[in-house]
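Chains as they are written, first to last, in this note's numbering: chain A, 226 to 397; chain B, 1093 to 1316; chain C, 809 to 1268; chain D, 95 to 1118.
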Amino acid sequence: MVESTSRAVVGVFTYMDDALEAVKNVKAANLDWRMYSPVPRHEIEEVTFPQKSPVRLVSFACALTGCASGWALAILCSLDWPMRTSAKNIASIPAFFVPGYEWTILFGGLGTLFAIFAFCKIPSVVRAAGYDPRFSHDKFGVVVACSAGQVTDVTKRLQTAGADEVDVRDSL
Amino acid sequence: MITRIRLAIAGACVSALALVAVFAQQGGVATNATAQDSASQYPELGVRAGVYNDGQAALWDFNITDHFRYFGPPPRLRGYSPEQPIKFSHVIHVQQNKMECQYCHWSVSKAAYAAIPEEETCMGCHGALVQGKSEQGKKDIQYLKDMYAKNQPIPWVKVHVMPDYLKFNHKRHVKAGVTCQECHGQIPEMEKVERVSSMKMGWCISCHRERGASIDCLVCHGHR
Amino acid sequence: MEEKHHSKKEAPVTYAEVNDTILKMLEPPGTGWYLLLFTCLFFLAIGASCWFYQMWSGFGESGKSHPIGWGTYITNFVFWVGIAHSGTLISAVLYLFRAAFRQPIYRLAEAMTVFAVMTAGLFPIIHLGRPWYALWLMPYPNQRALWPNFRSPLLWDVFAVSTYFTISATFFIVGLIPDIAAARDQAKTRFRKTLYGVTSLGWRNSHIQWKHYTAAYLIFAAFATPLVVSVHSVVSWDFAMSIVPGWHATIFPPYFVAGAIFSGVAMVITLIIPLRKAFKLERLITPFHFDAMSKLILMTSGVVTYSYITEFYTAWFSNNPYERFQFWFRPFGEFWIAFWGMTFCNCIFPQLLWVKSLRTNIPFLFVLSIFINIGMWLERFNIIFQSLTREFIPAAWGGYNFSWVEVGITVGAFGWFGMWMTLFIKFFPSVAIVEIKEILPPPMRNEGHGHGHAAVGAGH
Amino acid sequence: MEGQIVQLNASRKSEEGTGLVQISRRRFLQALGATTAVGATACANPVEQNILPNVKGIPEMVPGVSVWYSSTCTECTTGCGIRVRTREGRAVKVEGNPDSPVNRGSLCALGQASLQSLYDPDRIRTPLKKTRTLPTGPVFEPTTWDEVYSKLNEAITNSTNKKVLLTGELPSGQQDLANAFTSQLGFSQVVWDPMQPVAVAKAAEMVYGTYGVPTFQLDKAQVVVNFGADFLETWGNPVGYARQWADSRRSDKPLRFVHIEPRLSLTGANADLWLKPNLGSEVRVALFLIGQMIERGRAKGVSDDVRSKLSQLTKGISATEVEAQTGIPKEKLLLVAQYLADAKSSLVLSGGASTSTADPLPLLVLTNILNVMLGNVGKTVDIAAMEKPSTSGSKLASLIDDMQSDKVDVLITAGTNPEFSFPDAFGFQYALNRVGIKGDGTGKKAGLVVALASQLDETAQLADYILPLHTSLEDWGYVTLPNGSVSLIQPSMRQIFDTQSLGDVLFTVASNTGKELDPSQTFDAYVKSRYLTLTSGKGGADSETFWRSSLEKGGYFVAPASMPAATASVNPAVFSLSYGISVKPSHHGELMLYPYPSVKSFDGRAANRPWMQELADPITQAVWGAWAEIHPETAKEQGIKQGDAVILRTNDGEVHVPAYVTEHVHKGIVAVPVGQGHSAYGRYAKSTGEGGSVFSLLPKKIASGTDAIVLTGAPVTVVRGLGSGDLVSVQEFSSQEGRELARTTFITGAGAHGHGEGHGEGHGAAYGGGHGEGHHEPKQMYTQREHPVYEWGMNIDLAACTGCSACVVACQAENNIPVVGKKVVAQGREMAWIRIERYYDSVPTEDGGEELKVSFMPMMCQHCQNAPCEPVCPVYATYHNEEGMNAMVYNRCVGTRYCSNNCSYKVRRFNWFQYEWPELLSWQINPDVTKRTVGVMEKCTFCVQRIAEAKDVAKDLGRLVEDGEITPACVQTCPTQAITFGDRKDPNSRVSKLEKSERAYKVLDHHLNTQPAVSYLNDIRYKA
């Protein structure tokens, strides 16, 4: 077995403020880190990801596309084989609001889904080395990727922050 | 991160444009010419029967009526060529003997229906004069005579099976100058008659559109 | 009455308790669950057989006649679409409004939405004369070079309902992912591990995931909110866009949306009361929530009642003889019982909720919710059936022939819906784990910084 | 509420068992098969379809092109000319022959349904021999013609007693041959046709001196006073009279029409004033009118002597007295007298059910006298052209006596069904079974009963042998008309079964006994030679050309010559009659039976035709089977509700029918349509046979002084039966609810004509908003559709529509509309594309009272410009085409039924089941019209196939279709030409002009702006 040089240091926290403290700590040390929490909280976001999520842009673009497509579908289909019903215009604009509206939402929603998948990197079959089942239960986790040499330092940082336990694992 | 967003937006726009482009094509199906392109097969006509979709069903256009009437391959497909009770050869009759289509199928210019000729018409030549050269020909002509003597019709097998709700009028098409071959293919070259056109709705419509004929539904689905 | 006092001195709910209580619901089922499932499957079998019989014998096996082209099936369609609505309302609209009582009930409501739309979606197909051509309503490229008619409200239905189903299912599934991940992490059997492993899509609760997730969730809610309004508006346009006296009314969209929420909340109560009892969720779903839902019912009942009155007023004020006749006919005509049944169930009975104690009286609420469900079914039936039976030409007035086939298919729809619900509550967390945790105060070493909503556990 | 739902629900049963209406389930099985058949290739079902050519060419037959044969309708004795449309050798439609002066191109419902007699699936297909009689009925086995002929020959040769030929009113050709047959073979002929007005003929003889029914010119009369003659339904020449009536009604000077009958008949419903006398008391009204005419100096037509005798007779008859006797208010009586007195020309008619009492002559005679007095003979009454019925009830009664006393050896029946249509009390069946039994007391049977029949009816079932006859669509013949015209009957298709012509049977029977009836030897040759004789000299030298052209035209038609200005004198013998009321209930409150022939069943001959069974009766709107019209007071006494089963009981029998409670029947009578209650006559007739036939209720009595049986007046009791009587009516609600659907223009003032009264007056409308807005042009939200070439439209003149329902059958026949059966109609699922809506309105009279106004309104797809049905279809199965039609594409329809919901006229019909015709009836399918499958919507197409045909022809000629070239089936057959079809885009077409008429309006358009292509013209009524 070849000994890997990269390590994942997993800090398990009971308290959120401890975990955030740890994050701030490792962030300051410019380490490659990740935080796991059983619940999204804005306190966490403020510390870990203060920028805006780009999901909304994708959603917006897709929604616009959907709106255009819905209208285009209705109008072009009607023009393709013009059939008069009840003296209504071939391109009956009021009636076509519905497909336009619905496809705005449909495309926007599917685009958002697509964005989540893309940005959250799911579906994922890769095992996250630092992940611990307790992180979906009631514990917070801060995982730091580091070389074998940094392990002690990182462990210390996490323990200082108040980790219940610190675990060192192979390769992130 | 920014790059990814740009990519996503660009992808969305491209897909939307593609979608619009598909629908902008009249009829929507992008499968234009197919392997059995009638123009290449019958160059002397110079008129293509199928224009943009040649009556091809989209893959997902599963039309159950095509199948449930018959437990087997539907006779409404291009290439359908059933065995006939008499091995009648259009090659001999039309190509070699230079007979006109309407000599036998005389009702095409008079009525909606293109009738199969009466046995009497066949007997006009085969009654006394022509007795056939080949073994098969002699057998078939004898069969014709027997049936005629028994006053029984010959059970020809329909090649162009059309549903009841389609009311096609041969007379109008013939009078409008549509040649037989445009729909039925090069029958003169056929030893055994085969369906060369799908005769599906899109196929009809394409020609109607091309020639500016009416595409009112009732023209074909209301009456003869 | 018990619930009223129980939470006073109890300890606050912790993250772990949330997880454990909810995931406990997923433990291997008992006889009761199987019994429920098989009952549902039995009903479904009845419905399926009836539908096949109807297709085999001819559509005439349902009770429609020449003046009455629509009947039970479209009533069921509108009913189930209506049921679906409160789910989206609770999950999306109340999310945007940050309503405090939403979290423990929203998952169930959302599941109800998805399954109700799945049920509703069957009925337009069942009611077709030639269901095997239902595909023709889709705008797909075909050899006939034909397209559907985008001016038809039925085509709008196709768009609205399919969009609604897609979006609500997406919203539902997206909401489920972290919870499935939680279930995965505590799964014990191999089957469950695989099931949750696959369906959680590799969700890890990382801070990046949470960031995008919460952003997307908000956007979903923002999309679903106009959708919930539009879908029932579109459904109401099936009627309002026509010229049938009693259908042709501009008030229909808001009236239908309010009615949908009304019936949907009632259905949520109908479902959640047994669930709460069976899985001992009293600590999570408290009288506070029932009180809030009761108030919602009371309000929507008021809106619905107001709509009824408006309909009558409009008919009178318009001086339109056909409309006037129709609205005279409903309460005093041949089928008065359907009208007065509806009025009792939807307008009069819910007024009892003005009494505070009744708003948290679980047995009463259960009975009331059943009545509202019946009342709302009758409302759709009144609109569809009564209007069609008395249209413009008196010579063409006619009646309806209720048939057992329709009853069978209606029962089958409940079986179909019930089947999905039953399967769902045993396989996936039917109370949102993450969202409840979100409103709990997070565990903090330094107390006072955390601020959660006190909606769960510590009741009032 | 419960009542209706439960009742409708209970009636849903599978009908396949009866074989009446076939609902096929195959389609779904096929669909099911499709899903499984994708992989299953080794299935035995043949993939192939055959296409069979003709063996030999037929000159006039082009595949796909119709060939029309002219012939004559033999359903009743009027002799309407018909044209039979054939396709590929099969008759597919029967229409009126425009060349015939009798019907001028129109045809009634029954005549059109003669096609279903030809294609009756229960027709007799071979000669039959009765082998035994089981309790369930006789058992027949096929036999050969030769066997029957030899048996018959034997019986005739050995006969020592009477030999009788019992027939209906045969067409003249057959009758002429039958005359030769009876005289040469020593037969006597007895004729029975219950529809013949023999009492009227007798009364004519008493007054005018000639036995026969005069022909009438309604259009020349200003006032028509009618005692019960249903001349718009079954009496006389209904098609011709309806045309005359309508021509007058829509003219500038419409005739005023007073109808006096205890029951509201279809004819009465079309009257300006319907008076409801006590049954049997009409004679006093007639007498009163005579008195009034004398008083008012309008009795110039009779000699002084007669006048004085008449004034003797009418002396002291006051309006008050007559009111007490008849129940008609005296104001109305005086009003009628005034109408008659003021009119320059008038017509008094009598006949029909109300004159089929035990003592009909006084009334019939008095009406004839009235006509003579008013100088109508020679003006409106043509006594030169008389139809002379040979029917005789008394002769048939004495034949029965003869048979009972074993005096008849051989009985041949043909074209008549006395076992059904002669009162059972006479004992026809019992007597017939004794035919041929030797009078020597041994009981040995030597004689024979042979029925010559096309259908296995009740009489044919009694016979020992049955010889199958051609129906009239397969047969030769001719009919001589009262005015000297000869209308030819020719076969329109080859015989379907091993049948023969009646004429040929007579020829064969005669030649077997060594007699030669005629040198021509075969019936077709006989017809030709007789025809040429009858029209001798008229055809010119080339008889063959004349014969050919006659066949083409349908016969030799004399133009309706002006009537000989005959004057008639009253035969003094009439004063020997008693003019008191002889027909009246024996005690207060006793009900009298009032059977009547209806336009839908006649005497029962129409019962084997599904079209006629499913045709809604214009008055009651009931289908399939009989009913009893009961006055609400009677119903209340007996606790009878609408649709309950009731038992009608007389001294002679009882029948079970559903109750139809209506106030439009005199409270002293119970009215029942005759013609239902068959125990044989095919599956359709038998399906309504359970309750029994009305003829079983009738007394064994011949009306005094005539040859007629007594139809009305038998004392009857009405008892509530068990449960529901299975009354199926297609229209439950009779009020217009003030919605101005069928509108009326009222003419006020005595005889003054003016259209000034506006629309729909006095409909008791709470919402009277629609007055006078017929021509407004509402602002349109959308630009209206351009119609580049044609814009088809229709106009229906309600003043001319009598409600006769011929159009309904025409539509059924033309468009392959399925007949769905009683159960399915009960569910509200009738399929007729055109229906006759009937509304009862109460309108104010001039003197401030209220009068009944009955409106008939043909309703079919209105082909709206702004059609509500079109935009709601998700798949464009219905849309507006460039010729202004609301097109329906069946094969695109997925069956959402939204269009039907949204159709304000409710004229769309859904295929709830897969309906199939049984074999043989399936031959009538019009090959130009798509058969619809289950789950598909259908509706009126304006007969788009006919439009296409006309356009096709016009295109060949290089021009556009001209006005009048297209006649949809309903337009073609309408006896009153109330319907007009044409191009609305052409301002000179009739339809455009009518649309701009001041009477024109469009239904519901003023509320809905649907812009229908069908316009209606207001009905015209005199304000009573």
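Using N, Cα and C, we set each Cβ at its ideal position, and we do this for glycine too.
Check the Cβ-Cβ distances between residue i and every residue of chain D, and say whether any is below 8 Å.
| i | result |
| --- | --- |
| residue 1276(B) | no |
| residue 312(A) | yes |
| residue 241(A) | no |
| residue 1210(B) | yes |
| residue 885(C) | no |
DSSP three-state call for residue i: helix, strand or coil?
| i | result |
| --- | --- |
| residue 1006(C) | helix |
| residue 371(A) | strand |
| residue 1032(D) | strand |
| residue 140(D) | Bear in mind that the predicted position of residue 140(D) carries a pLDDT of just 38, short of 50, making it too unreliable to give a figure here. |
Under 8 Å by Cβ, that's how I've got residue i and residue j pegged, so tell me the actual separation to the nearest angstrom.
| i | j | result |
| --- | --- | --- |
| residue 797(D) | residue 788(D) | Their Cβ separation, rounded to whole angstroms, is 17 Å, which puts residue 797(D) and residue 788(D) out of contact at 8 Å. |
| residue 953(D) | residue 992(D) | At roughly 20 Å, the Cβ-Cβ gap does not stay under 8 Å, so residue 953(D) and residue 992(D) are not in contact. |
| residue 590(D) | residue 566(D) | At roughly 13 Å, the Cβ-Cβ gap does not stay under 8 Å, so residue 590(D) and residue 566(D) are not in contact. |
| residue 179(D) | residue 186(D) | 6 Å |
Hey, is residue i close to the ligand NAP, as in C-beta under 7 Å from one of its heavy atoms?
| i | result |
| --- | --- |
| residue 398(D) | Annotation note on the ligand NAP: not contained in the displayed structure, which lists no ligands. |
Could you give the first and the last residue of the continuous beta strand (DSSP E) run that contains residue i?
| i | result |
| --- | --- |
| residue 889(D) | 886-891 |
| residue 1234(C) | Per DSSP, residue 1234(C) belongs to no beta strand (DSSP E); it is in the alpha helix (DSSP H), 1212-1235. |
| residue 723(D) | 722-724 |
Hey, is residue i's beta-carbon within less than 8 Å of any beta-carbon in chain C?
| i | result |
| --- | --- |
| residue 743(D) | no |
| residue 390(A) | no |
| residue 230(A) | no |
| residue 868(D) | Residue placement at residue 868(D) is poorly supported in this model, since its pLDDT is 46, which falls under 50; the coordinates still yield a value, given next. False, the Cβ-Cβ gap to chain C never drops below 8 Å. |
| residue 831(D) | yes |
Do residue j and residue i count as a contact pair if the criterion is CB distance below 8 Å?
| i | j | result |
| --- | --- | --- |
| residue 253(D) | residue 373(D) | no |
| residue 816(D) | residue 215(D) | no |
| residue 1044(C) | residue 1070(C) | no |
| residue 529(D) | residue 521(D) | no |
| residue 915(D) | residue 875(C) | no |
So, is the C-beta of residue i closer than 8 Å to a C-beta in chain B?
| i | result |
| --- | --- |
| residue 620(D) | no |
| residue 119(D) | Bear in mind that a pLDDT of 45 at residue 119(D), under 50, signals an unreliable position, so the number given afterwards is only what the model happens to contain. Residue 119(D) does not count as touching chain B. |
What residue range does the alpha helix (DSSP H) around residue i cover?
| i | result |
| --- | --- |
| residue 210(D) | 208-212 |
| residue 1036(C) | 1015-1048 |
| residue 890(C) | 880-896 |
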